[in-house]
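Each residue of the sequence shown is one higher than the one before, starting from 1 at the first, in full-length UniProt numbering.
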Amino acid sequence: VVGDRAGQMHLIRVRSMPNLKWNATHISSDDLRWAHEAMLLRFAPQCYLPPPPTVNALRLLLEDYDPINVQLFGSGRFKSVEDLRDELCERTSSIRWSGGQ
């Protein structure tokens, strides 16, 4: 934590730490826990990640991974985040990290 000249405090993000940008009032502790675990598992190949507990948990992960393109989910011919979560729960889709990314 560092302070600026205006007396505002800021949390410095370390590269290995997930960047959870959502307001905690919008998501549950289970969502945060799952997203945090998923973000850390990208550096541990061959680890099993259980399906996200909610759409919000999956959205947290997607927004951390690709904040620019996550808006494409549910638009045009792209599947929605809800559909992706359903597929993850049904195990007809999976999340796979490529080289820690």
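Beta carbons are placed, not taken as given, at the ideal position from N, Cα and C, and that holds for glycine. Small disclaimer: the values here were computed from a predicted structure and weren't measured.
For a quick check, are the C-beta atoms of residue 72 and residue 38 less than 8 Å apart? Looking up residue 72 in the sequence shown gives position 72. Looking up residue 38 in the sequence shown gives position 38. Contact: no.
Pick from 59, 57, 34: whose alpha carbon is nearest that of residue 48? In the sequence shown, residue 48 corresponds to position 48, counting from 1. Looking at the Cα atoms, 34 is the closest of the given residues.
Note down, one range per segment and in chain order, each alpha helix (DSSP H) of at least 4 residues found wholly within the stretch 30-91. Listed in chain order, they are 55-65, 81-90.
Where residue 56 falls, given that 16 or more other Cβ within 10 Å makes a residue buried: Here the question's residue 56 lines up with position 56 in the sequence shown. It counts as buried.
Beta-carbon proximity list for residue 93, same chain, < 6 Å, skipping 5 on both sides: For this step, residue 93 is matched to residue 93 along the sequence shown. Result list for residue 93: 87, in chain order.
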